[in-house]
Every structure is written in structure tokens, then in C-alpha cells.
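Here the structure is laid out as C-alpha cells; the discussion comes afterwards.
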Amino acid sequence: MKFSININKSANFYFFIQNLSEWHFSNRKDYNDLWRKELGKFSEEEATALKKFKEIRLQHKSAKTIFEQAFFVSQNPWEKLKIDLPPEDYAITQKVFNNLEEKFNLLWEHDLPLLVKWQKELDDKINEESLLKSILDALIALFNSPSSEQEVKTYLLFSSPIHTGGGANIDKQSISLEISRYPTQDVNHAIGIIWHETIHLCFQNQYFFPLLLKQFPNDPQKVNFINEIIIGSLFPKGILGIRLLKNKPANKLMANISPEQTVEIINLTKKYVNDKKPLDDKYINTIAEILKKQMR
Numbered sequence: 003m004k005f006s007i008n009i010n011k012s013a014n015f016y017f018f019i020q021n022l023s024e025w026h027f028s029n030r031k032d033y034n035d036l037w038r039k040e041l042g043k044f045s046e047e048e049a050t051a052l053k054k055f056k057e058i059r060l061q062h063k064s065a066k067t068i069f070e071q072a073f074f075v076s077q078n079p080w081e082k083l084k085i086d087l088p089p090e091d092y093a094i095t096q097k098v099f100n101n102l103e104e105k106f107n108l109l110w111e112h113d114l115p116l117l118v119k120w121q122k123e124l125d126d127k128i129n130e131e132s133l134l135k136s137i138l139d140a141l142i143a144l145f146n147s148p149s150s151e152q153e154v155k156t157y158l159l160f161s162s163p164i165h166t167g168g169g170a171n172i173d174k175q176s177i178s179l180e181i182s183r184y185p186t187q188d189v190n191h192a193i194g195i196i197w198h199e200t201i202h203l204c205f206q207n208q209y210f211f212p213l214l215l216k217q218f219p220n221d222p223q224k225v226n227f228i229n230e231i232i233i234g235s236l237f238p239k240g241i242l243g244i245r246l247l248k249n250k251p252a253n254k255l256m257a258n259i260s261p262e263q264t265v266e267i268i269n270l271t272k273k274y275v276n277d278k279k280p281l282d283d284k285y286i287n288t289i290a291e292i293l294k295k296q297m298r
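With the numbering used here applied, the sequence shown closes on residue 298, and no number is skipped along the way.
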């Protein structure tokens with residue numbers, strides 16, 4: 003396995019538009035507040051454009067859609083969208099981007115040098131051979147997964163100075179990392195986020211996710227909640243992030259998880275890491291017991 007670190011203007015333009023449109027609960031409100039403060043008042047035409055994009059985006063599923071395919075992966079996003087979108091939606095979407103292009107370009111001009119700096123930081127460290135081997139050995143054992151020769155394409159996106167994040171919402175080969183304004187001295191935290199998303203992308207589905215589905219049939223909310231907690235107990239501030247990247251331990255794996263529960267979960271995951279055991283039904287049941295208050 004190896005990582006390529008990519009900067010893509012179209013991907014950042016889409017990220018900017020969709021985040022400002024606030025079409026999804028995961029949109030970063032603090033990014034929008036920062037951008038609006040820096041870019042100045044949005045005109046009525048710009049505000050209307052964002053509302054129209056929100057209406058169109060809500061017609062599609064939340065991840066791995068034609069929008070991610072077009073703006074992250076395609077060499078020509080608009081040719082791709084012209085094929086995949088109804089003509090009216092295509093025309094509206096193109097107009098939305100035209101209306102917001104001036105504001106986007108101001109942000110792009112400011113943040114591009116920061117993205118380039120981050121690209122170099124990550125290129126220098128993410129594929130370091132001994133680190134890769136240590137992480138992969140642990141993940142292959144935990145997730146009962148074969149070794150992968152896959153290249154994971156990592157797309158760098160805008161962020162705020164105090165907030166970063168990632169996603170595995172593009173396709174089967176790609177993840178995103180919101181990082182532009184985050185301090186580069188926290189590069190190991192960024193690497194931890196990349197690995198967190200890589201577990202979602204490459205490791206969880208073959209063996210572990212079916213175990214969760216068996217334990218909690220017809221309850222995708224519980225499945226996704228526990229899955230996110232467990233992966234968080236590994237990276238970025240879980241046991242593998244602490245041990246291999248020297249990251250500080252998480253105080254809380256999620257906002258609604260207590261520090262005491264966090265310690266219990268990380269210690270349980272640590273035992274499986276130390277024993278080189280695949281995560282199993284007993285592990286899942288113990289996690290569920292620790293989280294019983296949140297899972298009612």
C-alpha cells in the first residue's frame with residue numbers, strides 16, 4: 003500500500019460550494035463562518051445560487067456520487083456532469099459555480115500555498131517504509147484482511163486553523179483530508195486522520211463490517227456509530243496513533259462519549275493489537291456494553 007498526496011482545484015471548488023450550501027449535517031459551520039468573514043458579504047445572487055445547489059445535491063445520496071466522481075476524479079468535471087445530470091440540473095449547477103467563482107478564487111489564491119506546504123510535509127512522511135509496515139501489520143491482523151497493494155489517493159482540501167477532518171466519500175480508491183490552514187507541526191495528527199479514513203476505505207468491509215451487521219441487523223445507526231468509535235480507538239488519537247505516531251490520546255472519542263468510556267475502549271483495542279487478534283464478536287459485545295448508555 004502507498005499514498006499519493008494530491009491538490010485538485012476542482013475538488014476544492016466543489017468542497018467550498020457544497021459546504022457553504024449546508025446541504026448535509028456534516029458540513030463544517032466553522033469553515034463557513036471563517037470564509038464569510040474573510041470574503042465579505044455574499045450577494046443575493048450568490049445566496050440564491052447556494053440554495054439552488056442545496057436543492058440539487060439533496061436529490062442524490064450522501065457519498066460517492068456523480069459530484070465526487072466529477073470534481074475529484076474526472077479530468078473534465080463539466081463533461082462528466084453533462085452526461086450524468088439532467089439538463090436543467092446541469093445548467094443550474096454550472097451557473098451556481100459561475101456565480102461563486104470570484105469568491106472561490108480569492109480563497110484558492112490564499113490557501114493554495116498552504117496546501118502545497120502540506121503536500122510536501124505529507125509526501126516526506128506518509129510512505130516511510132518502517133511506519134507503513136508497522137501500521138499494516140497491525141491492521142491486517144485486526145481486520146483479518148489480506149495485504150493490499152492499493153494506492154490510496156489523498157485529496158487535500160481547505161480547512162480552518164483549528165479544525166481538520168477527513169472523508170472516504172469519493173470512490174473506492176480515494177480519501178479527502180481538510181488541512182490547508184491546520185498547523186504543519188501537527189503532521190502526525192494529519193497522518194492519523196489519513197489512516198482513519200484508509201481503514202474505512204480498505205480494511206473494514208471484508209471481515210469486520212459483516213460482524214457488526216450480524217450483531218445489529220436492521221440498525222445501521224448503531225452499526226455506523228460503533229464502527230466509527232472502534233476506528234477512532236485506532237487512529238488518529240487511538241492506540242495506533244499514540245503508539246506509532248506519538249499522537250496525544252483522545253480525551254473523548256466522540257462528543258457524547260465520556261473520557262472514562264474512551265479509556266476503556268482504547269485499552270480493549272490495545273489488548274487486541276498486542277495479541278495480534280482479529281476483532282471478534284466478543285470485542286463488539288464488550289464495546290456495546292461500554293456504550294450501552296448511548297445505544298439505548
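Where is the CB? At the ideal position from N, CA and C, for every residue including glycine.
These numbers were taken from a predicted model, which means no experiment stands behind them.
Residue(s) in a DSSP beta bridge with residue 154:
The residue labelled residue 154 in the question sits at position 152 within the sequence shown. Paired residue(s): 5.
Determine the contact status of residue 259 and residue 296, defining contact as a CB-CB distance below 8 Å.
For this step, residue 259 is matched to residue 257 along the sequence shown. For this step, residue 296 is matched to residue 294 along the sequence shown. Contact flag set, yes.
Helix, strand or coil for residue 169, going by three-state DSSP, please let me know.
Start at 1 with the first residue of the sequence shown, and residue 169 comes out as number 167. Three-state result, residue 169: strand.
Considering only residues of the same chain and omitting the five flanking positions on each side of residue 253, which have a CB-CB separation below 6 Å?
Here residue 253 refers to the residue found at position 251 of the sequence shown. Counting only Cβ-Cβ distances below 6 Å, and skipping sequence neighbours, we find 261.
Would you kindly report the start and end of the unbroken beta strand (DSSP E) that includes residue 179?
To locate residue 179, count along the sequence shown from 1; it is residue 177. Residues 176-180.
Tell me whether the stretch 239-251 and the stretch 187-203 touch, counting them as touching only if at least three CB pairs, one residue from each stretch, are closer than 8 Å.
Contact annotation: the stretch 239-251 touches the stretch 187-203, with at least three C-beta pairs closer than 8 Å.
4 or more residues per run - each alpha helix (DSSP H) lying fully within the stretch 212-250:
222-234 and 241-247
Mapping DSSP to helix, strand and coil, what is residue 159?
Counting from 1 along the sequence shown, the entry for residue 159 is found at position 157. Residue 159 falls in the strand class under three-state DSSP.
Identify the continuous alpha helix (DSSP H) that holds residue 99 and give its terminal residues.
For this step, residue 99 is matched to residue 97 along the sequence shown. Note, residue 99: alpha helix (DSSP H), 89-127.
Rounded to whole angstroms, what is the Cα-Cα separation between residue 140 and residue 52?
Counted from its first residue, the sequence shown places residue 140 at position 138. Counted from its first residue, the sequence shown places residue 52 at position 50. Spanning the two alpha carbons is a distance of roughly 44 Å.
For residue 200, three-class secondary structure by DSSP
For this step, residue 200 is matched to residue 198 along the sequence shown. Of the three classes helix, strand and coil, the one that applies to residue 200 here is helix, per DSSP.
Residues near residue 17 in its chain [Cβ-Cβ closer than 6 Å; skip 5 each side]:
In the sequence shown, residue 17 corresponds to position 15, counting from 1. These residues qualify, in order along the chain: 159.
Status (buried if at least 16 other CB within 10 Å, exposed otherwise) for residue 185
Position 183 of the sequence shown holds residue 185. Burial call: exposed.
Quick check: the Cα distance between residue 137 and residue 148, rounded to an integer number of angstroms?
Within the sequence shown, the letter at position 135 stands for residue 137. Within the sequence shown, the letter at position 146 stands for residue 148. Distance between the alpha carbons of residue 137 and residue 148: 14 Å.
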